[in-house]
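A.B. asks:
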Amino acid sequence: MDDAPSLRTSALTAEASPLMPEPALAALRGDPYRRPQVDHCLVRGLREWLEDGVGAAARELPPGSPPVRIDRHSGRGPSSSHPQARLDVPRARGALLGALFRQLVATGRIDDPIADAVEALAAGGDEGEALLDLLRCLTPAQRASVRREVTAAARRMVGQWGPVPSSWRPRTRDRVAIPLCGGRVVLSDTLDLVLGTAPVDRRSVCIVNLSPGADPESERQDRHFAGLLETLRSGAPPFRLATYRLMSGELEREDVTDEMLFSSVRRVIRVAAEQCGPGRSEATAA
Amino acid sequence: MTRPEHPCMPADRLCRSTDVPQSISAWSTTPVAEELTAALIAPRGYPVLTEADRGELRTRLLWCLERRADLLGEALTRITPFALRQRFFGRAVTPFRWSPWTARRTIGIAAVRVCTTGALYAPADAVATVVAEMAGRGGPPGSLGTWLSRAAAPVVALVRAEATTWASNLLSAVDWSRPGLRPVIGAPDRWWCSPTMPRVAIRGRVDLSVTSAGNGNPRGPRAVLTVFEGCPSPASRVELGLAPLVSALTGPLEDVPVRAAGWWPAAGRLLTFPVGPSLLADAADAVAQALGPPCPPVPVPPAPVMRPV
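Chains as they are written, first to last, in this note's numbering: chain A, 22 to 307; chain B, 16 to 324.
#1: If I measure Cβ to Cβ from Phe243(B) and keep anything under 6 Å in the same chain, skipping five residues before and after, which residues do I get?
#2: Which chain B residues are close to Asp132(A), counting only those with a beta carbon under 9 Å from its beta carbon?
#3: Nearest to Gly201(B) by alpha carbon, out of Pro58(B), Thr109(B), Val221(B) and Gly60(B)?
#4: Measuring only from the beta carbon, is Arg274(A) closer than 7 Å to any heavy atom that is part of the ligand SAM?
#5: Is the beta carbon of Val239(B) sitting closer than 8 Å to the one on Asp297(B)?
#6: Give the DSSP-derived three-state secondary structure of Pro184(A) in the structure shown.
#7: Closer than 9 Å, Cβ to Cβ, to anything on chain B: give me those residues from the segment 170–197 of chain A, in chain order.
#8: Using a Cβ cut-off of 8 Å, pull out every chain D residue sitting near Glu140(A), in sequence order please.
#9: Less than 8 Å between the beta carbons of Leu249(A) and Ser285(A), yes or no?
#10: Going by DSSP in three states, Pro111(A) sits in which element: helix, strand or coil?
#11: Strictly under 8 Å for the Cβ-Cβ distance: is Glu295(A) near chain B by that measure?
#12: Under 8 Å by Cβ, that's how I've got Gly129(A) and Pro184(A) pegged, so tell me the actual separation to the nearest angstrom.
#13: If you measure between the beta carbons of Arg244(A) and Thr264(A), is that distance less than 8 Å?
#14: Does any C-beta atom of chain A lie closer than 8 Å to the C-beta of Leu173(B)?
#15: Give me whichever residues DSSP pairs with Leu223(B) in a beta bridge.
#16: Quick one, are the C-beta atoms of Leu117(A) and Leu155(A) less than 8 Å apart?
#17: Would Thr34(A) count as contacting chain B if we go by Cβ distances under 8 Å?
#18: Would you call the segment 159–179 of chain A and the segment 252–270 of chain A touching, i.e. three or more CB-CB distances under 8 Å?
#19: If you draw a straight line from the alpha carbon of Arg112(A) to that of Leu86(B), how long is it in whole angstroms?
#20: I think Thr201(A) touches Leu67(A), with their Cβ atoms under 8 Å apart; what is that distance to the nearest whole Å?
#21: DSSP three-state label for Asp276(A), please.
#22: Evaluate the contact criterion for the segment 205–215 of chain A versus the segment 191–199 of chain B: three or more CB pairs, one atom per stretch, below 8 Å.
#23: Along the segment 239–260 of chain A, what residues have a CB closer than 8 Å to any CB found in chain B?
#24: Which ranges would you report for the alpha helix (DSSP H) in the segment 229–299 of chain A if only whole runs of at least 4 residues count?
#25: To be precise: take each residue of the segment 111–130 of chain A, compare its Cβ to all Cβ atoms of chain B, and keep it if any distance is under 8 Å. Which residues remain?
#26: Assuming Gly153(B) and Thr161(B) form a contact by the criterion Cβ under 8 Å, report the distance between their Cβ atoms to the nearest whole angstrom.
#27: Can you tell me whether Gly277(B) is helix, strand or coil according to DSSP?
#28: Taking the alpha-carbon of Val292(A) as reference, which of Ala120(A), Leu71(A) and Leu125(A) has the nearest alpha-carbon?
#29: Between the segment 285–301 of chain B and the segment 69–81 of chain B, do three or more beta carbon pairs fall short of 8 Å?
#30: When the cut-off is 8 Å and only beta carbons count, does Pro58(B) lie next to chain A?
#31: Hey, would you say Val142(B) sits closer than 8 Å to Thr179(B), going by beta carbons?
#32: Start and end of the alpha helix (DSSP H) containing Ile124(B)?
#33: Determine the contact status of Ala151(A) and Val170(B), defining contact as a CB-CB distance below 8 Å.
#34: Pull up the distance between the alpha-carbon of Val271(B) and that of Gly123(B), whole angstroms please.
#35: Nearest to Thr132(B) by alpha carbon, out of Ser248(B), Gln101(B), Pro198(B) and Leu285(B)?
#36: Provide the residue(s) that pair with Phe288(B) in DSSP beta bridges, ordered along the chain.
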């Protein structure tokens with residue numbers, strides 16, 4: 022893009038964001054001395070609770086039916102259906118910024134926000150191509166608007182995040198798939214950023230979700246769902262969950278409590294009952 | 016805090032001390048890694064593969080492949096775990112091409128080697144080194160090095176991101192410091208081509224091969240580990256049997272692993288199977304089914320007639 026300035030981490034890390042007075046990484050790390058110990062009984066209890074609750078719903082499934090996949094968008098009704106079902110400008114913008122965030126974490130730099138994001142989406146397969154097709158169909162004014170917004174958000178992102186230290190073990194788009202009831206129900210999610218080593222005695226993992234919009238309630242549920250899945254996968258809850266709003270640059274964070282995990286389990290069981298019941302939609306079956 | 020709804024949920028979790036420091040960069044062995052490593056190096060059990068089992072397996076596989084000769088085209092048919100899984104679930108096998116997703120394993124394996132030798136500490140640093148080296152070295156047309164050297168910088172960044180995640184998952188899954196553990200990370204693929212049907216090739220690929228020395232035995236039994244995406248499926252057992260099957264068909268009996276393990280980091284699940292006649296026969300059947308409909312049983316030669324002297 023001719024009007025996109027080159028963004029170098031070294032040139033922009035000194036910029037302070039008015040929306041985030043402390044650097045993002047320091048906010049995520051918190052005080053390592055105060056992280057809770059891992060409670061293995063809690064994890065076993067959560068899994069058994071889920072197996073019992075989801076198992077009751079899964080018994081409704083006809084024999085031989087494909088597994089029911091429950092993700093962060095499940096159970097939110099038709100108004101907020103699965104984003105893969107719709108292609109719109111906010112989603113394309115979110116995908117561009119998501120690719121830039123990933124590049125920033127992996128390499129510590131963004132050279133040309135629009136060109137870099139377009140290259141990354143093009144390498145991302147059919148979904149990325151569909152989003153690029155959508156962007157190509159926009160009017161020149163709409164394209165200019167997207168370009169402006171993405172460039173501004175990328176500049177802010179570089180200033181807030183800077184290079185993530187490799188010793189923090191950053192992993193991006195870490196996929197989680199937890200089979201329940203012998204694989205008849207699968208809880209799945211993609212963790213946008215995971216920081217920290219696998220836990221031994223104390224909780225040591227922090228998870229960051231990227232959000233293209235600003236719906237605090239959905240973001241909170243998404244965070245808790247991600248925390249639950251990480252707990253089930255690794256056998257220990259994360260110590261902190263966060264949501265980074267790509268467009269505004271806000272970072273919402275909270276320490277993981279047992280009640281968060283309990284509420285997420287209740288929600289999963291409720292959604293499983295909806296998805297596995299007699300009126301289940303075919304779209305939920307993977 | 017409210018009382019949990021499930022009776023299995025303990026209520027005494029509030030007694031926690033918070034005085035022990037924990038760095039986010041700590042590198043230590045997790046309970047999951049201890050469990051997985053222990054499963055890999057557990058003492059050899061039964062069943063044990065014999066030379067007679069191996070001969071029977073080869074006969075069975077050749078018989079099935081010959082029955083399918085007319086179904087095969089001129090092109091080489093590669094049987095891989097991915098192909099088995101696709102056929103198991105009735106999906107078409109798409110042609111291979113390099114992408115951040117398909118490149119992650121090759122780069123991740125090289126990065127894990129770098130980290131376990133102690134040359135670099137963090138997977139992201141190791142991946143960056145490996146990618147730079149591969150791209151600089153290039154290679155023949157179609158190779159990963161050539162693709163990397165021509166890929167745009169944002170695509171290479173995606174490759175690094177995917178490979179870092181992959182390598183981190185394998186690094187944190189194994190207790191690399193266990194005494195006596197002899198890991199071989201990402202040994203070259205082994206192939207078996209039928210002597211009568213050279214258009215069919217079976218690939219044996221493992222991500223980690225482990226032997227454990229102990230009790231005066233410098234080289235204990237070998238176990239192999241493969242890292243998979245997603246969560247285990249009904250096809251997982253035969254997928255895991257493919258690499259031992261190729262070992263059994265190509266090498267000496269001592270080279271056949273005694274245990275085949277699969278690790279699904281996305282699910283935090285480990286599956287292990289002892290390698291014996293049953294597992295290998297099922298894997299051979301899966302190979303045959305991937306090529307066509309079920310074939311008739313191998314004809315049994317008539318038993319010799321015992322004549323009275």
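For every residue, glycine included, the Cβ atom is placed at its ideal position computed from N, Cα and C.
C.D. replies: Reading off the structure:
#1: For Phe243(B), the CB contacts under 6 Å within the same chain, skipping 5 residues up- and downstream, are Gly277 and Trp279 in chain order.
#2: Correct list: Ala168 and Pro169.
#3: Val221(B)
#4: Because no ligand of any kind appears in the structure shown, any question about the ligand SAM cannot be addressed here.
#5: no
#6: coil
#7: Val185, Pro186, Ser187, Ser188, Trp189, Arg190, Pro191, Arg192, Thr193, Arg194, Asp195, Arg196 and Val197
#8: Among the protein chains in the structure shown, which are A and B, there is no chain D.
#9: yes
#10: Three-state result, Pro111(A): helix.
#11: Answer no: the Cβ-Cβ gap between Glu295(A) and chain B never drops below 8 Å.
#12: 3 Å
#13: yes
#14: yes
#15: Ile200(B) and Leu240(B)
#16: no
#17: Note that Thr34(A) has pLDDT 38, beneath the 50 cutoff, so the model's placement of it is unreliable and the number below is only indicative. Not one chain B Cβ lies under 8 Å of Thr34(A).
#18: yes
#19: 46 Å
#20: Here residue 201(A) is Leu; the residue named in the question, Thr, does not match the sequence. 11 Å between Cβ atoms; not a contact.
#21: DSSP places Asp276(A) in strand when its eight states are reduced to three.
#22: Contact between the segment 205–215 of chain A and the segment 191–199 of chain B is absent, because fewer than three Cβ pairs lie under 8 Å.
#23: Leu253, Arg254, Ser255 and Gly256
#24: Counting whole runs of 4 or more residues, the segment 229–299 of chain A contains the alpha helix (DSSP H) stretches 237–255 and 279–297.
#25: Ala120, Arg123, Gln124, Val126, Ala127 and Thr128
#26: 5 Å
#27: strand
#28: Leu71(A)
#29: yes
#30: no
#31: Against a cut-off of 8 Å, the Cβ pair of Thr179(B) and Val142(B) comes out as a contact.
#32: First-last of the alpha helix (DSSP H) with Ile124(B): Pro115 to Thr131.
#33: no
#34: 25 Å
#35: Pro198(B)
#36: Ala275(B)
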